[in-house]
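Engineer: If you're matching positions, the sequence shown starts at 60 in my numbering and goes up one per residue. Built from N, CA and C at the ideal position, the CB exists for glycine as well.
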Amino acid sequence: MDVERIQEVRKVLNSGTFYFSWSSTGTPLDLTLCEQRSNFAAESDNRFFWNRTMHISFIQNDIECKDWLIKVICGGIEIRTIYVGHLQARGCIISRLSSERAGTRFNVRGTNDEGCVANFVETEQVIYLENKVCSYVQIRGSVPLFWEQPGLQVGSHKVKLSRGTEASAPAFDRHLTQIVKRYGDQVLINLLGCKEGEAMLSRMFQSHHKVSRYSKSIPYIAFDYHAQCRSGKQENIDVLKRKIASNLENFGFFYKDSEGIHKCQKGTFRTNCLDCLDRTNNVQTFIGLEVLKQQLKALAISDQPQIISRHWCFLEGRSKLKDGSRSVVRTIQNNILDSSKQEAIDILLLGHVLYNELAEKARSVLPPSMLSFPSGFLETFIKHKSEFSYTSNIRVGVATWNVNGGKHFNSIVFKHQSMSEWLLDCPKLAKHKDLLCVDDENSVVDIFAIGFEEIVDLSASNIFTESKRMDGRTSKTISREHKYIYITSTQLVGVCLFLFALPKHAPYISDVAADAVKTGLGGATGNKGGVAIPLVTV
60 MDVERIQEVR
70 KVLNSGTFYF
80 SWSSTGTPLD
90 LTLCEQRSNF
100 AAESDNRFFW
110 NRTMHISFIQ
120 NDIECKDWLI
130 KVICGGIEIR
140 TIYVGHLQAR
150 GCIISRLSSE
160 RAGTRFNVRG
170 TNDEGCVANF
180 VETEQVIYLE
190 NKVCSYVQIR
200 GSVPLFWEQP
210 GLQVGSHKVK
220 LSRGTEASAP
230 AFDRHLTQIV
240 KRYGDQVLIN
250 LLGCKEGEAM
260 LSRMFQSHHK
270 VSRYSKSIPY
280 IAFDYHAQCR
290 SGKQENIDVL
300 KRKIASNLEN
310 FGFFYKDSEG
320 IHKCQKGTFR
330 TNCLDCLDRT
340 NNVQTFIGLE
350 VLKQQLKALA
360 ISDQPQIISR
370 HWCFLEGRSK
380 LKDGSRSVVR
390 TIQNNILDSS
400 KQEAIDILLL
410 GHVLYNELAE
420 KARSVLPPSM
430 LSFPSGFLET
440 FIKHKSEFSY
450 TSNIRVGVAT
460 WNVNGGKHFN
470 SIVFKHQSMS
480 EWLLDCPKLA
490 KHKDLLCVDD
500 ENSVVDIFAI
510 GFEEIVDLSA
520 SNIFTESKRM
530 DGRTSKTISR
540 EHKYIYITST
550 QLVGVCLFLF
560 ALPKHAPYIS
570 DVAADAVKTG
580 LGGATGNKGG
590 VAIPLVTV
């Protein structure tokens, strides 16, 4: 088994998307840092430091290893030499794929609880001319909500929100907080279209932005790329140019020469489509070319049109260079497509931490970024976690009801009864208390887990519609006295499980998952089986 895992890790490393730098005369270039950040930070950017686990033990023991242990990034790097008269310049595009939410195309979508999104790529276009350096950075990333595309066949991957609207808000704000802290001012460019799944995801993106604390400070621009640039009408992208013109000028770029730093980039454009692939590539290329004109002016070579044309080929040509950032995102699409590759990525990033008991304990109380810390630290932290935390009791309401194909809701026998009697009043009216009863009858339920069986006739075609109806009805019922927000749900034919929580718990609920197991006809059908939703609240 270990041999197979090693082989999969080797395949990932040999996929052609991992890069390192080496120097025979001095300190090698730290590829994890863009030019601007490298002038202000001495430490590597751990987001793009893919083999950091190999370095941790040496760092912990103060062993200098930079001369023989390289730092690796995942992404794409293209370099071209350009002659400007008698001078020689180098143009580079460096795309850095974040390791904070890395994975295969359909296994990893959206955000995690820490606000790290899938397909997050920092793309830097940089020109070196003698002692002058001119750099510009853009970023891309998946829509920062909890969503997925379940399915086995290409074309059957429908967009599905895996967590409720209010439950997604904390992670959404965390993501925006992260990119503002790291890159400065932001503009969100959403290229999603009007297709069924994309339209729903786009609406949710916009609605979250409207209620976010960043709604006024971070502009949101919706640009349906497919509708605007249909049939190759790339000139329509000027519509987008007019919307971002002021930000394009205000953000600027990084410029440095022998006298020091003259300009710093003050913000970035965050662009996304569904996969962060072709549409994002085209828009980022357009923005990059607009900034390139200003970069050439700063380098005093804008009067040579052949240089601009060469850079045009450099950024948009049909050669193997075509869009240097494309190689990194194609990695997600083409080179890493199955669960074994996903496991290989996890092993590469977490190493032995992935499969031990200590990691499981640490994972429940520490953010993912700390799981790669030395095992001694993790052991000490777990041993003394009571010194850094406190415990509190929460009340969980668990209920289940076989509604007999929905007949209980339509029967005249039950017309004077409501779900509130079952979910809210019965525990208070019960004459007998058992070991599971809480002494304080007036205490509020923190989390509701409510299950239904046979919500519709198994031969009906509106199973999904009925589950959505039950979701709304249940949420309205339990929110009679205190508001509850929808966390998630899962369904197996007529069996549904819904999870609700008080809004105050939303920022502390994490690692929510949902699964269903079919047992009918040996696991082939879902007329029999079970569903489950695990979660962590810290």
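Determine the extent of the beta strand (DSSP E) in which isoleucine 548 is found, giving its start and end residues.
Structural biologist: Looking up residue 548 in the sequence shown gives position 489. Here residue 548 is serine; the residue named in the question, isoleucine, does not match the sequence. First-last of the beta strand (DSSP E) with serine 548: 544–551.
Engineer: Looking at glycine 134 and arginine 155, is the spacing between their C-beta atoms short of 8 angstroms?
Structural biologist: Counting from 1 along the sequence shown, the entry for residue 155 is found at position 96. Counting from 1 along the sequence shown, the entry for residue 134 is found at position 75. Contact: yes.
Engineer: Taking just the CA atoms, how far does tyrosine 142 sit from valine 185?
Structural biologist: Against the sequence shown, residue 185 aligns to sequence position 126. Against the sequence shown, residue 142 aligns to sequence position 83. So the two alpha carbons sit approximately 15 angstroms from each other.
Engineer: May I have a chain-ordered list of the beta strand (DSSP E) segments no shorter than 3 residues that lie completely inside the stretch 225–260?
Structural biologist: With a minimum length of 3 residues, the continuous beta strand (DSSP E) runs that stay inside the stretch 225–260 are 244–249.
Engineer: If you check the beta carbons only, do valine 462 and phenylalanine 511 fall under 8 angstroms apart?
Structural biologist: In the sequence shown, counting from the first residue as 1, residue 462 sits at position 403. In the sequence shown, counting from the first residue as 1, residue 511 sits at position 452. A contact, by the Cβ cut-off of 8 angstroms.
Engineer: If we count the other Cβ atoms within 10 Å of its Cβ and call it buried at 16 or more, is tyrosine 288 buried or exposed?
Structural biologist: Translated into positions along the sequence shown, residue 288 becomes position 229. A small correction: the amino acid at residue 288 is cysteine; tyrosine does not occupy that position in the sequence shown. Per the 10 Å Cβ criterion, buried.
Engineer: Just curious, the alpha helix (DSSP H) that glutamate 184 is in, first and last residue?
Structural biologist: Taking the first residue of the sequence shown as position 1, residue 184 is located at position 125. Correcting the residue type first, residue 184 is glutamine in the shown sequence and not glutamate. Glutamine 184 -> not in any alpha helix (DSSP H); beta strand (DSSP E) instead, spanning 180–188.
Engineer: For alanine 572, which of helix, strand or coil comes out of DSSP?
Structural biologist: Here residue 572 is taken as the residue at index 513 of the sequence shown, counted from 1. Alanine 572 falls in the coil class under three-state DSSP.
Engineer: Work out the CA separation of lysine 577 and leucine 551 for me, nearest whole Å.
Structural biologist: Looking up residue 551 in the sequence shown gives position 492. Looking up residue 577 in the sequence shown gives position 518. For leucine 551 and lysine 577, the distance between alpha carbons rounds to 8 angstroms.
Engineer: Assuming cysteine 335 contacts tyrosine 284 under a Cβ cut-off of 8 angstroms, what Cβ separation, rounded to an integer in Å, is found between them?
Structural biologist: Here the question's residue 335 lines up with position 276 in the sequence shown. Here the question's residue 284 lines up with position 225 in the sequence shown. About 12 angstroms separates the two Cβ atoms, so there is no contact after all.
Engineer: Which word fits methionine 58, buried or exposed, when buried means at least 16 other C-beta atoms lie within 10 angstroms of its C-beta?
Structural biologist: This structure leaves residue 58 out entirely; the chain is present only between 60 and 597.
Engineer: Strictly by DSSP, which residues pair up with glycine 326?
Structural biologist: Your numbering for residue 326 matches position 267 in the sequence shown. Its beta-bridge partners are Asp244.
Engineer: With DSSP collapsed to three states, give me the class of isoleucine 404.
Structural biologist: Mapped onto the sequence shown, residue 404 falls at position 345. Reduced to three states, the DSSP call for isoleucine 404 is helix.
Engineer: Can you give the Cα-Cα distance for serine 399 and lysine 240, rounded to whole angstroms?
Structural biologist: Counted from its first residue, the sequence shown places residue 399 at position 340. Counted from its first residue, the sequence shown places residue 240 at position 181. Those two C-alpha atoms are separated by around 35 angstroms.
Engineer: Flag this pair as yes or no: are the beta carbons of arginine 454 and valine 503 separated by less than 8 angstroms?
Structural biologist: Sequence index remark: in the sequence shown, residue 454 carries index 395 (1-based). Sequence index remark: in the sequence shown, residue 503 carries index 444 (1-based). Yes, the Cβ-Cβ distance between arginine 454 and valine 503 is below 8 angstroms.
Engineer: At what residues does the alpha helix (DSSP H) containing glutamine 293 begin and finish?
Structural biologist: Indexing the sequence shown from 1 puts residue 293 at position 234. Counting along the chain, glutamine 293 falls outside any alpha helix (DSSP H), and DSSP gives it neither H nor E.
Engineer: Secondary structure at alanine 100, three-state DSSP: helix, strand or coil?
Structural biologist: Here residue 100 is taken as the residue at index 41 of the sequence shown, counted from 1. Three-state DSSP puts alanine 100 in coil, outside helix and strand.
Engineer: Can you find a heavy atom of the ligand NAP that lies under 7 angstroms from the Cβ of alanine 572?
Structural biologist: The model on display carries no ligand, and the ligand NAP is accordingly not part of it.
Engineer: Taking the Cβ atom as the reference point for each residue, do phenylalanine 328 and isoleucine 303 lie within a distance shorter than 8 angstroms?
Structural biologist: As a position in the sequence shown, residue 328 is number 269, starting the count at 1. As a position in the sequence shown, residue 303 is number 244, starting the count at 1. Taking 8 angstroms as the Cβ cut-off, phenylalanine 328 and isoleucine 303 qualify as a contacting pair.
Engineer: At a cut of 8 angstroms, does the stretch 427–447 reach the stretch 104–119 through at least three beta carbon pairs?
Structural biologist: Yes, they touch.
Engineer: On the DSSP letters alone, give me the boundaries of the alpha helix (DSSP H) that serine 116 sits inside.
Structural biologist: Start at 1 with the first residue of the sequence shown, and residue 116 comes out as number 57. Looking at the DSSP string, the run of the alpha helix (DSSP H) that includes serine 116 is 111–119.
Engineer: Does the beta-carbon distance from leucine 247 to serine 227 come in below 8 angstroms?
Structural biologist: The sequence position of residue 247 within the sequence shown is 188, counting from 1. The sequence position of residue 227 within the sequence shown is 168, counting from 1. Cβ distance not < 8 angstroms, so leucine 247 and serine 227 don't count as in contact.
Engineer: DSSP three-state call for glutamate 416: helix, strand or coil?
Structural biologist: Taking the first residue of the sequence shown as 1, we reach residue 416 at position 357. The answer is helix: DSSP assigns glutamate 416 an H, G or I state.
Engineer: Check whether the Cβ atoms of isoleucine 138 and cysteine 151 lie closer than 8 angstroms to each other.
Structural biologist: Counting from one through the sequence shown, the residue named residue 138 turns up at place 79. Counting from one through the sequence shown, the residue named residue 151 turns up at place 92. Yes, they are a contact pair.
Engineer: Would you call the stretch 218–225 and the stretch 188–201 touching, i.e. three or more CB-CB distances under 8 angstroms?
Structural biologist: With the cut-off at 8 angstroms, the stretch 218–225 and the stretch 188–201 do not touch.
Engineer: Suppose contacts are defined by Cβ-Cβ distances below 8 angstroms. Is valine 196 in contact with glutamate 207 by that definition?
Structural biologist: Numbered from its first residue, the sequence shown carries residue 196 at position 137. Numbered from its first residue, the sequence shown carries residue 207 at position 148. Not a contact, by the Cβ cut-off of 8 angstroms.
Engineer: Quick one: using the 10 Å Cβ neighbour count with 16 as the cut-off for buried, is leucine 580 buried or exposed?
Structural biologist: Translated into the one-based positions of the sequence shown, residue 580 becomes position 521. Flag for leucine 580 reads exposed.
Engineer: Kindly indicate the opening and closing residues of the beta strand (DSSP E) around aspartate 316.
Structural biologist: Here residue 316 corresponds to residue number 257 of the sequence shown, with the count starting at 1. Aspartate 316 -> beta strand (DSSP E) spans 313–316.
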